[in-house]
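Novice: 1 is the number of the first residue of the sequence shown in the numbering used here; add one for each residue after it.
To start, I am sharing the structure in question, which I have written as C-alpha cells.
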Amino acid sequence: MSTLGPRLHAIALKALEFPRILSPGFTKDVCVASLYNSETSREYRELVLWLENTKIRKLKREGGEREKLLSETLEDKAWSKNYEAYLKACECDETHLTCAESKVDFLINLALAEEYRDRFDIAEEEEEKEEKEEEEEEGEDAAADDNEREQERAR
C-alpha cells in the first residue's frame, strides 16, 4: 500500500523534475496511474531508472551496476531479480515490497530525501565558502592595519 498515493506522487515527481511530468501533454491521472500498472510496464522501468540515474545514485556508474536496471524486453526476468536486489541495496523494508506502487512510493520518497540532502549540502558549501572569504578579507584588513601601524612607527 502506498503512503503517498497518485496525486502526491505527481506532485513529488514534478518537484523532482521528472521529464514526463513536465511535458505539456501530461495529464496527471493517466501518466501517474500508468506508472503503477505493473513492474513490467515500460513507464515504470523508465521511472525507476530515471530516479536512480538522477536522484538516488545508489549504484555506481562504473562497472555497469546501473545498466542492470535497463531492460531489453518487458518480459525480462533478470530485470525483476536486479530490481529486487536494487531495492534491498536501497534498504527498502518489507512493507514496501508488497506491490509495484509501494515500491515506487519508496523510491520517490528516497529520491526526495536525496534531493533535499543535495540541496542542503550545496547550501552548506556556499555558506562555508562565504565564511572563508570573509575570514580572508578580515585577514587582509588586519594585515593592512598592521602595515599602516608599521609605516606610522617608521615616521
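Using N, Cα and C, we set each Cβ at its ideal position, and we do this for glycine too.
Need the endpoints of the alpha helix (DSSP H) that H9 sits in, please.
Specialist: Unbroken alpha helix (DSSP H) run through H9: 5-15.
Novice: Inspect the CB distances between the region 54-64 and the region 97-116 and report whether three or more fall short of 8 Å.
Specialist: Yes: the two stretches touch, three or more of their Cβ pairs being nearer than 8 Å.
Novice: By Cβ distance, which residues of its chain are closer than 6 Å to L8, with the 5 residues on each side in sequence left out?
Specialist: Hits under 6 Å: none found.
Novice: Kindly indicate which residue of K68, R117, I11 has the alpha-carbon position closest to the one of E84.
Specialist: When only C-alpha atoms are compared, the closest one is K68.
Novice: Whose CA, out of V48, A15, S102, E137, lies closest to the CA of R119?
Specialist: For R119, the nearest C-alpha among the options comes from A15.
Novice: With distance defined between alpha-carbon atoms, name the residue in C92, L47, G5, S71 nearest to I21.
Specialist: For the residues C92, L47, G5, S71, the minimum Cα distance to I21 belongs to L47.
Novice: Runs of 4 residues minimum, wholly inside the region 41-99: which ones carry the alpha helix (DSSP H) assignment?
Specialist: If we require 4 residues or more, the alpha helix (DSSP H) runs fully inside the region 41-99 come out as 42-51, 77-89.
Novice: Quick check on E101: does DSSP put it in helix, strand or coil?
Specialist: The answer is helix: DSSP assigns E101 an H, G or I state.
Novice: Let me know the secondary structure DSSP gives E152 once reduced to three states.
Specialist: Residue state, collapsed to three classes: helix.
Novice: Using only the alpha-carbon positions, how far apart do K77 and A123 sit?
Specialist: So the two alpha carbons sit approximately 42 Å from each other.
Novice: Taking T73 as the reference, which of A89, E115, R45 has the closest Cα?
Specialist: For T73, the nearest C-alpha among the options comes from R45.
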